[in-house]
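Residue numbers (this note's numbering), protein chains in the order written: chain B, 4 to 166; chain P, -13 to 675.
Presented below is the structure to which this report refers.
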């Protein structure tokens, strides 16, 4: 599943759409490295419950976070159909467990609206906006901001080191 | 072919050759120089010259040429070397290094330095030489340039080749015809003399012929010319065939022809014979490290795929299953061997770093007028190449400090009743998931009072009650040691904060132990990023951990009765009279389904630094070599875990950080069985969870 997605040509960006509970979220396709199934995760003690642990991704030790647990959406059960979106955040790689991946959509700038200050389970600083595509509403996530945030506890931060 | 593509390779090779040269120079016994060593030094200079010629690095070529002249006379026993001679050669080596750096940065090398080095070498070479030779040895490169020039920049060279029969003579003449016009061929019984009109450098011709004949069979001189120039005539006579030693262009041993000098050969007229000769010289290959990392990861995947196949075969039925299982077992062995072989590529011995220090110690010792003996221990300890490169600066700094501030002068040492020569030891060893590097000296040690005084001056909060280790830590404080006068404080002053910061950046830490009048030891502990370590696999509940084998002392079954509560916050067990803190991994890592009953679990006694404690696990699974993978590349530091590794089945296992675990145990201090409970229950005990 490593091929580049170039399905749609309209719009300024392409996004991968995935589901968390009843809602549809989207991330910039360029941030997505691959999609794989959820397997072989080694638990790590004393971390928040949404950090499922680490897994071996072709020799790299990569953390796996369950966005369903993090945002309290959907049910966090793990079957052979459970999907992990592997994301590239700068030099880092992180896997995100979601309820399912649906499709890749091209979005134009006009389709993207500013996110409201409320009404989503995600903090506004992680949102790039809302997009309406026909009768669907997509919530665009800024994965860089989200995955490196303090509450994700994925990254050692200078201020934590001092404390 | 664009030669600039090969610049980088040449620079790297040349630097390695310079390092070789330096090592041999330092090891050279002046009283009785070893011929092999002189040869090795000569070959290094010669190979660099060959490459420099190929790429047109004139200054580098000239300097190495002077060096060669001297070395050649040395190895022929025509002159002897003394300590000053070694100094000159070492200084020349530095000039060469500077020249290479200059070429690397597309700068022009320092001409003055080169001229000085050349003159110094020439003086040495001629110092003990017969009087009629100095001109030839002093500036021989020019002599050949003075060979009669005919049209189109071509010159006429006189070649004499001895020890060849008629058939070989024909072959050689044919070979030479590729370079230019052969004339005046004179065949003698075992020798060939001819004139060659060519635009090629004499050196290139030598390089080519050296694949066919032995170096000392060949002599090249400028042809005696139509319009004799005084100097040229002189050179031609002094460099007559009867005295090959004085030949301005020295014949070269065939085996030392570097890949670089072989390159132009193949361009001109490659024969199989030459290609083979070139190929044999490559005993190593340069590869970018990310390529190796890619292979390592791919092999990891291969091992996982093999495990999957094995699983499938086990559950499959049918007539073929036996041969399938057999094949998979074979695959497993091959995959493991492959994995091990690939892993070892990235690892280099610590000697890589240590070998650079004898020179530094020698030079600095001279400068400071201190006699210092240096020894290295554990140079074979392997660690990741990238790490070695990054540890060089801090190490250099610490060694300098030891010499500058640690080891005392001659007189002071004798006064203190110590041997006149100071002792500096560099040691490396693996300790658990870490590599431990020590820089030890038997110098004056740190002066507690002066450090405290200096710290007060710098506005740091200190008190006389601080224990020694706290005081020593002060010298790592930023700002403590920036001013020059800090070097007066007996301790390592300048830049220790930088050393500490660099090491912290590598994920390590640095400690210092010092005793006034006895010496100082700086200890650097570094994690092994991609090192392989011996691990003991232990199981707790359903989870598997790797325990660095080096930390394991013993394992045992423990009777519940042997364990005692300490102040309700931790437990200790009595092992042959010593009370060891118990660390129950299932509690520490909150593992469900683990053995909670002590008598059914296993206690593994481990040590960290000098502390012993017992880890409680369910089962010892086995021992294996594991590849240490950094957890922080994509995640963050986890308490009690030093790194991770990938097991044979592709799953990640965490490697326990024994050092960190020891910090989580109650500090018991020295106990004896009699008063253990009463004294330790009063201690402030850190909670184990």
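Quick reminder that beta carbons are idealized off the backbone N, C-alpha and C, glycines included.
Secondary structure of residue i, DSSP reduced to three states
i: residue 436 (chain P); result: helix
i: residue 1 (chain P); result: helix
i: residue 380 (chain P); result: helix
i: residue 694 (chain P); result: Residue 694 (chain P) cannot be examined here, being either before or after the span of chain P that is shown, -13 to 675.
i: residue 356 (chain P); result: coil
i: residue 65 (chain P); result: coil
i: residue 167 (chain B); result: An answer regarding residue 167 (chain B) cannot be provided, because it is not within the stretch 4 to 166 covered by chain B.
i: residue 286 (chain P); result: helix
i: residue 644 (chain P); result: helix
i: residue 19 (chain P); result: coil
i: residue 313 (chain P); result: helix
i: residue 670 (chain P); result: Reliability fails at residue 670 (chain P), whose pLDDT of 31 lies under 50, so the model's placement of it is uncertain and the value that follows must be treated cautiously. Residue 670 (chain P): coil per DSSP, three-state reduction.
i: residue 44 (chain P); result: helix
i: residue 560 (chain P); result: strand
Beta-carbon proximity list for residue i, same chain, < 8 Å, skipping 5 on both sides
i: residue 338 (chain P); result: 371, 374
i: residue 378 (chain P); result: 339, 342
i: residue 569 (chain P); result: 599, 600, 601, 602, 647, 650, 651, 674
Residues bridged to residue i [DSSP beta-bridge criterion]
i: residue 28 (chain B); result: B:21, B:142
i: residue 404 (chain P); result: Bridge partners of residue 404 (chain P): none, in fact.
i: residue 169 (chain P); result: P:181
i: residue 88 (chain B); result: B:38, B:99
i: residue 650 (chain P); result: Note: residue 650 (chain P) sits in no beta bridge, so no partner.
i: residue 59 (chain B); result: B:64
i: residue 148 (chain P); result: P:177
i: residue 135 (chain B); result: B:140
i: residue 541 (chain P); result: P:590
i: residue 423 (chain P); result: P:414, P:510
i: residue 107 (chain P); result: Answer by DSSP bridge pairing: none, since residue 107 (chain P) is not bridged.
i: residue 522 (chain P); result: P:533, P:609
Proximal residues to residue i (C-beta, below 7 Å), its chain only, five neighbours per side dropped
i: residue 16 (chain B); result: 31, 110
i: residue 603 (chain P); result: 524, 525, 526, 571, 587, 588, 590
i: residue 529 (chain P); result: 577
i: residue 61 (chain P); result: 21, 24, 25, 28
i: residue 566 (chain P); result: 558, 559, 591, 598, 599, 600
i: residue 87 (chain P); result: none
i: residue 697 (chain P); result: Chain P is shown from -13 up to 675; residue 697 (chain P) falls before or after that span and cannot be answered.
i: residue 53 (chain B); result: 68, 69, 72, 73
Euclidean distance between Cα positions of residue i and residue j
i: residue 252 (chain P); j: residue 73 (chain P); result: Model confidence at residue 252 (chain P) stands at a pLDDT of 38, short of 50, so the residue's coordinates are unreliable; what they give is reported in the following sentence. Spanning the two alpha carbons is a distance of roughly 38 Å.
i: residue 102 (chain B); j: residue 40 (chain B); result: 11 Å
i: residue 622 (chain P); j: residue 384 (chain P); result: 30 Å
i: residue 433 (chain P); j: residue 629 (chain P); result: 38 Å
i: residue 157 (chain B); j: residue 150 (chain B); result: 7 Å
i: residue 645 (chain P); j: residue 607 (chain P); result: 22 Å
i: residue 429 (chain P); j: residue 350 (chain P); result: 15 Å
i: residue 192 (chain P); j: residue 19 (chain P); result: 28 Å
i: residue 414 (chain P); j: residue 279 (chain P); result: 25 Å
i: residue 116 (chain B); j: residue 140 (chain B); result: 11 Å
i: residue 463 (chain P); j: residue 508 (chain P); result: 15 Å
i: residue 562 (chain P); j: residue 405 (chain P); result: 42 Å
i: residue 498 (chain P); j: residue 387 (chain P); result: 13 Å
i: residue 46 (chain B); j: residue 11 (chain P); result: 55 Å
i: residue 82 (chain B); j: residue 100 (chain B); result: 12 Å
i: residue 513 (chain P); j: residue 492 (chain P); result: 8 Å
Within-8 Å CB hit, residue i to chain P
i: residue 151 (chain B); result: no
i: residue 65 (chain B); result: yes
i: residue 159 (chain B); result: yes
i: residue 132 (chain B); result: no
Minimum Cβ-Cβ distance from residue i to chain B less than 8 Å
i: residue 682 (chain P); result: No answer is possible for residue 682 (chain P): the residues shown for chain P start at -13 and end at 675.
i: residue 569 (chain P); result: no
i: residue 625 (chain P); result: yes
i: residue 630 (chain P); result: yes
i: residue 86 (chain P); result: no
i: residue 328 (chain P); result: no
Nonlocal neighbours in the same chain, by C-beta distance under 6 Å from residue i, ignoring five residues either side
i: residue 145 (chain B); result: 129, 131
i: residue 459 (chain P); result: none
i: residue 362 (chain P); result: 340, 412
Proximity test, residue i beta-carbon vs the ligand ADP heavy atom, cut-off 7 Å
i: residue 299 (chain P); result: Only the bare structure without any ligand can be found here, which leaves the ligand ADP out of the picture.
Subject >> Contacting positions in the stretch 88 to 103 of chain B - beta carbon closer than 7 Å to chain C >> reply: Here chain C cannot be found, since the structure's protein chains are B and P.
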